[in-house]
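Here's the structure, in structure tokens; my notes come after.
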Amino acid sequence: MASGAIANNIERDRLLVNDEITSEESRYILLPAANAVKCNHFCRLYDYGTCKSDYVYVVMTFLRKDLRKLQADMRERECGFSTALRLPLQAFNAI
1 MASGAIANNI ERDRLLVNDE ITSEESRYIL LPAANAVKCN HFCRLYDYGT
51 CKSDYVYVVM TFLRKDLRKL QADMRERECG FSTALRLPLQ AFNAI
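Sequential numbering of the sequence shown, starting at 1, is according to full-length UniProt numbering.
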């Protein structure tokens, strides 16, 4: 697992996470919490754990390409006006 400074204080319905968390570590903290409250804007986490102490696995929904890969595939590397409006609206709704 990647190293990073994590400070987590889990209380009944609160999860406090240090902003120095790595993306790999965030899967193990944020996805279970998001699944518990049924957030629609997060991947569904089915299972995670370790096998034989040196093998870490995560089973979650397959989402295809991320925004960076989609942008790299575009000719002009720019999204259209309607997409530029929809992306921040979806991000705002997720928050």
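Built from N, CA and C at the ideal position, the CB exists for glycine as well.
Checklist entry - With CYS79 and LEU63 assumed to form a contact (beta carbons below 8 Å), what rounded beta-carbon distance in angstroms separates them? => result Between CYS79 and LEU63, the beta carbon gap of about 18 Å keeps them out of contact (Cβ cut-off 8 Å).
Item to check | Where LEU31 falls, given that 16 or more other Cβ within 10 Å makes a residue buried | outcome: By the neighbour-count rule (16 or more Cβ atoms within 10 Å), LEU31 is buried.
Item to check | Alpha carbon of VAL58 to alpha carbon of LEU45, nearest angstrom | outcome: VAL58 and LEU45 have their alpha carbons spaced roughly 8 Å apart.
Next on the checklist: Less than 8 Å between the beta carbons of TYR28 and TYR48, yes or no?
Outcome noted: In contact: TYR28 and TYR48 (Cβ atoms closer than 8 Å).
Checklist entry - Hey, how far is the Cα of ASN35 from the Cα of ALA72? => result Using only the alpha carbons, I get a separation of about 30 Å.
Checklist entry - Are HIS41 and ALA94 touching if we call contact CB-CB under 8 Å? => result Cβ distance < 8 Å, so HIS41 and ALA94 count as in contact.
Next on the checklist: Distance check for ASP66 and ARG77, CA to CA, integer angstroms please.
Outcome noted: Roughly 14 Å between the two C-alpha positions.
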